[in-house]
Amino acid sequence: MITHTKRAAPAVAATLLLFAPHAGAQDDTCTAPAAWFPHDQTPPPDDNADFNLNCAFHQWSWQAFLALTKDAGDGKLAFETLIPSANVISGTTSAEAPDLMPRVGKSDSDQAMGEINQAGSLGLLVDQGGRAVYYSQYVDHTFFDFVITEHGFNDPEKLLAASDTLNYPVGALTLKAAWMVVPEGGDASDFHTTEGDIRLLAEDGTGRVVVDPDATATETLALVGLHVVGVVKGHPEAIWATFEHVRNAPDIPSDAAADTPVSLEDFTFYSANTNAAACNQNNAGHLTLASADDQTLSPVTQVCRQFATGGGSDANAANIAALNESVHAQLESGSVWQNYTLVGAVWFSKEDALQPAMLMDDSILTGSVELSNSTIETFTQKTVNENNCFACHNTQAQYPTDAPDRALPAKNLNISHVLVNTYLSNLAAEQ
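Residue numbers (mature numbering (1 follows the signal peptide of the UniProt record, and there is no 0)): -25 to -1, 1 to 406.
Structure, rendered in structure tokens:
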């Protein structure tokens, strides 16, 4: 939790070497290899390794997270120096930090536009101090070079003409980070923090909370969640992994009654003794800006984690728990990264199985098959048709509201909302 007084997170150097995940490791001994440490020397995972066991996918996830959270200089982590996803829309490679936007809860629509329409009638995640949670998204150069340099897919016509079975290349990486505003005088010593420009909120003429396009502020931001999505050999659908701060929210017990408290403790996004029924309530339709000057919103969101390790088998949960413990034990004592944990990862049980318009259900998914991040998918954790990454990220056709005659056909490339949003945004700009 963020309290008061502040110290800086330890700095580490950026070294980029290759190390293959132990794909052959036994699932009952899922640990982090010593070669990953110290953290300032963690090499990125080998995306071309053989991924044969459940443990190997989780090892890839943790190794990628460690490599991406090394200090890259100038107070930035490695992932913060990647290309902002908005640059895919424009086709520029500038790594200038984007203005961060509050994220609305995902809509019931299949359209990915809900992820870039950052303010509107849907709910915002609001922390216990009344501030909105902010988000940034990034792609690596492999993703950008494939989409823009090689294919020019920010041109809607070129994407329409692309083969339906074309896949992203091995090594393509996309990230989404969730950030909490640190209150003045707050102690964020257990978090990685950064300075960032955020978009301020206002109310429109109807009282609806919206983003003010002309107002920004520089704030200290604490990292509370991170999606790491990477294409590896045999898995063009990508490994979808997510990490959270350990004090974000309590886990809901599987036998919890709706009218009983989930925890007797306070968490960053949960007030002690809040009943399970009050958790993860979407505030769409009754969110108000309590103070424009302080940027505080009402009501705050009580967050609980629906599935502790994203569901899946007992063996999957055991691997995640063992690997988390192993990583934390080998990190430097007092490292801020000991406070971050792998919630889970999900991928396909069959190699090279991605197809346009395919059904993504338990017949093909494995790992953490009910995976959500409590700070990114807060309001969809318990919605059966939306409670894993592939429920929203799929290869179905996309139908622009403003241009129904320009539907994006079902394609393997549609698995990434970065590209789908690029298509929809640039198509709208043509109208």
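In this text, a Cβ means the ideal position worked out from N, Cα and C, and glycines have one as well. Every value quoted in this text rests on a predicted model; they were computed, and no experiment measured them.
Proximal residues to residue i (C-beta, below 8 Å), its chain only, five neighbours per side dropped
| i | result |
| --- | --- |
| Ala177 | Val184, Val185, Val186, Asp187, Ala190, Leu264 and Ala267 |
| Leu340 | Val321, Trp322, Phe323, Ser324, Asn363 and Phe365 |
| residue 407 | This structure gives no information on residue 407, because the portion of the chain shown stretches from -25 to 406. |
| Ser65 | Asn129 |
| Asn294 | Asp2, Cys5, Asn29, Cys30 and His33 |
| Ala9 | Gln305 |
| Leu239 | Ala247 and Asn248 |
Residue-level contact to chain B via CB, residue i, 8 Å cutoff
| i | result |
| --- | --- |
| Leu399 | Included in the structure is just one protein chain, with no chain B present. |
Other residues of its chain near residue i: CB distance less than 6 Å, five sequence neighbours each side excluded
| i | result |
| --- | --- |
| Lys151 | Gln112 and His202 |
| Ala216 | Ser36, Val203 and Ala320 |
| Leu100 | Val108, Thr276 and Thr353 |
| Arg280 | Ala224, Asp226 and Ser349 |
| Tyr398 | Pro131, Leu134 and Leu383 |
DSSP-derived helix/strand/coil call for residue i
| i | result |
| --- | --- |
| Asn299 | helix |
| Asn248 | coil |
| Val101 | strand |
| Lys133 | helix |
| Ile339 | coil |
| Ile214 | strand |
| Ile202 | Here residue 202 is His; the residue named in the question, Ile, does not match the sequence. Correct three-state label for His202: strand. |
| Gln16 | helix |
| Ser69 | coil |
| Ser84 | In this predicted model, Ser84 has a pLDDT of only 34, less than 50, meaning its place in the structure is not dependable enough to derive any value. |
| Glu307 | coil |
| Thr355 | helix |
| Val207 | strand |
| Val185 | strand |
| Asp289 | helix |
7 Å Cβ shell around residue i - same chain, five flanking residues per side excluded
| i | result |
| --- | --- |
| Asp377 | Ala403 and Gln406 |
| Gln13 | For the record, residue 13 in the displayed sequence is Pro; it is not Gln. Glu307, listed in sequence order. |
Segment limits, beta strand (DSSP E) that includes residue i
| i | result |
| --- | --- |
| Thr169 | Thr168 to Glu178 |
| Phe323 | Tyr315 to Phe323 |
| Trp312 | First-last for Trp312: undefined, no H or E at that position. |
| Trp154 | Leu148 to Val156 |
Endpoints, the alpha helix (DSSP H) within which residue i is located
| i | result |
| --- | --- |
| Thr117 | His116 to Phe119 |
Residue from the options whose Cα sits closest to the Cα of residue i
| i | options | result |
| --- | --- | --- |
| Glu55 | Val199, Asp115, Phe32 and Ala9 | Asp115 |
| Gly205 | Glu132, Tyr398, Phe32 and Leu383 | Phe32 |
| Ala382 | Ala136, Ser273 and Ala39 | Ala136 |
Problem set entry | 4 or more residues per run - each alpha helix (DSSP H) lying fully within the segment 357 to 405 | 364 to 367 and 392 to 405
For this session: With a floor of 4 residues, list each alpha helix (DSSP H) that falls wholly inside the segment 19 to 63, ordered by position along the chain.
Result: 29 to 43
For this session: Please specify which runs of the beta strand (DSSP E), each continuous and at least 3 residues long, are wholly inside the segment 231 to 281, giving them in chain order.
Result: 263 to 266 and 271 to 273
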